[in-house]
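*Asks:* Dropping the structure in here first, questions after.
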Amino acid sequence: MSDRTINQQPHTPHQQSHGEPGAHAPHVHGHGSEPDDFAVQIADSVESFVLAVTEVAKGDEPGSAVSLLLLEVSQLLLAGGRLGAIEDVVPEDRFEPDAGPEPDGEQLRERLAELLAPIDVYHEVFDPYGPPEKPNAFRISDDLAGVVSELQHGLTHYREGRVSEALWWWQFSYLSNWGTTCTAVLRALQSLIAHVRLDSPIGAVPDGADTDDDGLTDEQLEQQAGDLMAAELGLGR
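So this note's numbering is basically just the index in the sequence shown, starting at one, shifted up by 1.
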């Protein structure tokens, strides 16, 4: 186990210290207590998301991938909103027990990247309240794989009976990372569906975007993305 400092990034979980992500009064869950209804509901939402994304990534039903991901990300953000709205979760101990090796999310990322290839890259402004900046390029596959990895870290604690540790981690990582990431992914997925439903052409990929040059022109990428969404939604093109 190791001491944690709240201002470090959640990608280094064994260096985190318990802290207060917000200004509300502390909400303490003892390590030895049984999970209450709130904890069970959050854990169920987290586990459902992890399982669903893993299943979608298998590619067995590519025609429903975007719609399923839209649904799952939306539901996870509801759980995240509940975590953000409650009082701060403050476990009894300052030290986080070692949760063991972090799961390797590379296979999940690669499967999602292959499944979503024509529409994987999207653009987002990181902080709408920060200084004006140009949109940055992100990948849905990278983002979802990273979110799954963060959620699994909390699931390890939860499954081993460390309920307060799991809730603290999910709350902190929601506020510091995966809440923002999922919000951006949700906007991208919703935009894809809106483009097709409203018969609005998907714009060409901007110059300089990180698309891992696969030999396709911008027009071909646009056509592939439109065809993929039209097929998924059962619309003729």
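All C-beta atoms in this analysis are idealised placements derived from N, C-alpha and C, irrespective of residue type, glycine included.
1. Considering alanine 40, what are the terminal residues of the beta strand (DSSP E) in which it resides?
2. Give the single residue among Ala86, Ala146 and Gly60 whose Cα lies nearest to the Cα of isoleucine 43.
3. Touching or not, the segment 183-196 and the segment 121-131, by the rule of three or more beta carbon pairs under 8 Å?
4. What does the alpha-carbon distance come out to for the pair leucine 116 and glutamate 73?
5. Hey, quick one: how far does the alpha helix (DSSP H) through arginine 110 stretch, first residue to last?
6. Pairs of beta-carbons, one from the segment 169-178 and one from the segment 66-85, closer than 8 Å: are there three or more?
7. Quick check on valine 122: does DSSP put it in helix, strand or coil?
8. Give the range of the alpha helix (DSSP H) segment to which arginine 160 is assigned.
9. What residue from Leu145, Ala167 and Asp38 has the CA that sits closest to leucine 113's CA?
10. So, for aspartate 61: in the same chain, excluding its five sequence neighbours on each side, which residues have a beta-carbon less than 6 Å away from its beta-carbon?
11. May I have the straight-line CA-CA distance separating threonine 182 from glycine 106, to the nearest angstrom?
12. Can you tell which of Ala53, Pro63 and Glu88 has the C-alpha that lies nearest to the C-alpha of serine 75?
13. Helix, strand or coil: which one does DSSP assign to valine 186?
14. Per DSSP, which one or two residues make a beta bridge with alanine 138?
15. Do you know whose CA, among Arg163, Trp170 and Lys135, lies nearest aspartate 89's CA?
16. Taking 8 Å as the limit between beta carbons, can you name the residues of its chain near proline 129, skipping five residues before and five after?
*Replies:* Taking the geometry as given:
1. Position 39 of the sequence shown, counted from the start, is the residue given in the question as residue 40. Run containing alanine 40: none in the beta strand (DSSP E); it sits in the alpha helix (DSSP H), 38-58.
2. The residue labelled residue 43 in the question sits at position 42 within the sequence shown. Of Ala86, Ala146 and Gly60, the residue nearest in Cα terms is Ala86.
3. yes
4. Counting from 1 along the sequence shown, the entry for residue 116 is found at position 115. Counting from 1 along the sequence shown, the entry for residue 73 is found at position 72. If I take the Cα positions, the gap works out to 16 Å.
5. Looking up residue 110 in the sequence shown gives position 109. Residues 107-116.
6. yes
7. Counting from one through the sequence shown, the residue named residue 122 turns up at place 121. Strand.
8. Taking the first residue of the sequence shown as position 1, residue 160 is located at position 159. Per DSSP, arginine 160 belongs to the alpha helix (DSSP H) from 141-160.
9. What you label residue 113 is simply residue 112 of the sequence shown in a count that begins at 1. Answer by Cα proximity: Leu145.
10. Indexing the sequence shown from 1 puts residue 61 at position 60. Counting only Cβ-Cβ distances below 6 Å, and skipping sequence neighbours, we find nothing.
11. The count along the sequence shown starts at 1 and reaches residue 182 at position 181. The count along the sequence shown starts at 1 and reaches residue 106 at position 105. If I take the Cα positions, the gap works out to 16 Å.
12. Within the sequence shown, numbered from 1, the residue matching residue 75 stands at position 74. The residue with the shortest Cα to Cα distance from serine 75 is Ala53.
13. Locating residue 186 in the sequence shown gives position 185, where the first residue counts as 1. Looking at valine 186 - three-state DSSP - the assignment turns out to be helix.
14. Residue numbering aside, residue 138 sits at position 137 when the sequence shown is read from its first letter. Answer by DSSP bridge pairing, in chain order: His124.
15. Along the sequence shown, read from residue 1 onward, the residue named residue 89 stands at position 88. Taking only the C-alpha atoms, the option nearest aspartate 89 is Trp170.
16. By 1-based counting over the sequence shown, the position of residue 129 is 128. Contacts found: none.
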